Amino acid sequence: MNDAITVLMYHAVGDERGACEGADAHYAVSSRQFATHLALARDNGLAVRSVADILRRDRAERCVAFTFDDGHASNGPAAELIARHGGSADFFINPSNVGTPHYLGWSDLRDMAAAGMSIQSHGQQHVYLDDLAPGEVDAQLGDSRKAIEDQLGTPVTIFAPPGGRVVADMAGVARRAGYSAVCSSRVGLWHRDEGPWDIARLAVLLGTADAQVARWMRQDRWEMANRRARHAVLSSAKRLLGNQRYDRLRAQLLGSGRDA
Ligand SMILES: [Zn+2]
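Here's what the structure looks like:
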């Protein structure tokens with residue numbers, strides 16, 4: 043049973059061609075891409091969920107996690123679309139940017155929370171933690187959590203470090219600041235048995251092909267990597283043992299009485 047979850051990381055959602063005021067063009071996706079990704083989730087039988095939801099639920103549901111970093115204003119309409127699909131997502135925001143040009147305001151975020159979205163912390167400001175002194179790191183995590191909880195009245199339990207820059211013992215720092223999970227920018231699938239302190243994500247960009255997103259949702263790439271790794275192990279065993287002994291060993295391992 044595969045217990046890996048695909049966690050997608052978005053930033054802004056632009057117009058049909060991906061243009062989006064006040065957002066990095068490279069990191070924005072187009073509205074067409076975004077609608078296609080929601081349709082791909084549905085077609086693959088995957089519920090669209092926030093990481094917060096997944097951490098609360100049992101493991102039975104087949105799902106894909108949608109997350110958004112930076113709190114760009116375009117995340118509001120994206121959240122509406124997700125809610126219309128019966129889904130949810132995490133939005134990692136910086137309280138210092140809330141209500142400034144091109145960013146969501148607190149009333150937008152309140153509406154999103156009321157629609158079932160998970161509003162989480164991306165730090166008080168969008169600064170890299172590895173540039174800061176330890177006390178400043180603690181303040182980025184603690185102040186942002188308190189600001190969001192005070193404004194929205196919803197629990198802030200997940201931290202996503204800006205730019206994916208982590209500090210030593212990120213898990214311990216986050217835990218002491220009151221968090222119970224960290225969404226990082228480590229590339230890969232989230233294997234739930236690895237725990238919630240370094241949740242890998244896959245960045246979806248303007249240049250990310252729909253077919254790539256489909257493969258991520260189906261986790262084909264990792265299936266192929268597993269197969270390649272298995273193939274390499276078997277090939278080197280064959281070289282080490284010589285084909286004959288290899289075949290005998292293989293037959294024994296597979297429980298067959300004779301060589302294939
Ligand atoms: Zn960011």
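Here the numbering used here is used: the first residue of the sequence shown is 43, the next is one more, and so on. Don't be surprised by glycine CBs; every beta carbon is placed ideally from N, CA and C. If you're wondering where the values come from, they're calculated on a predicted model, not measured in any experiment.
Residue pairing from DSSP places THR109 in a beta bridge opposite MET51 and ASP132. It is roughly 10 Å from the alpha-carbon of SER163 to the alpha-carbon of GLY184. Here DSSP, grouped into helix, strand and coil, assigns LEU88 to coil. The nearest non-hydrogen atom of ligand 1 is 8 Å or more from the C-beta of ASP172. Taking 4 residues as the minimum length, the alpha helix (DSSP H) runs contained wholly in the stretch 202-235 are 212-218, in order along the chain. Per DSSP, the unbroken alpha helix (DSSP H) holding GLN193 starts and ends at 176-194.
Around the beta carbon of VAL198, 16 or more other beta carbons lie within 10 angstroms, which makes this residue buried. Residues of the same chain with a CB within less than 7 Å of the CB of HIS68, apart from the 5 flanking positions on each side, are LEU247 and LEU248 in chain order. In this structure, PHE108 has its CB at a distance of at least 8 Å from all heavy atoms of ligand 1.
Taking a cut-off of 8 Å on C-beta distances, the stretch 172-186 touches the stretch 211-222, as three or more cross pairs fall below it. VAL71 is bridged by DSSP to VAL55.
Looking from the CA of ALA115, the closest CA among ALA94, GLN166 and MET154 belongs to MET154. In this structure, DSSP gives TYR170 a state outside helix and strand, which the three-state scheme calls coil. Our two residues, PRO238 and GLY220, have alpha carbons roughly 14 Å apart in a direct line. When the Cα atoms are used, GLN261 and LEU88 turn out to be separated by approximately 12 Å. Taking 9 Å as the cut-off, the Cβ atoms of HIS53 and ALA70 count as close. In this structure, ASP45 keeps its C-beta atom at 9 Å or more from the C-beta atom of ARG281. Per the CB criterion, closer than 5 Å to any heavy atom of ligand 1, the qualifying residues run in chain order as ASP111, ASP112 and PRO204. Excluding the 5 residues flanking it on each side, VAL169 has same chain C-beta neighbours closer than 8 Å at GLN182 and PRO204, in chain order. If you draw a straight line from the Cα of ILE200 to the Cα of ALA279, it comes to about 44 Å. ALA77 is bridged by DSSP to nothing; it lacks a bridge partner. Here SER277 carries a helix assignment [DSSP, helix/strand/coil]. From the listed residues ASP132, LEU291, TRP148 and ARG243, the smallest Cα separation to VAL229 is found for ARG243.
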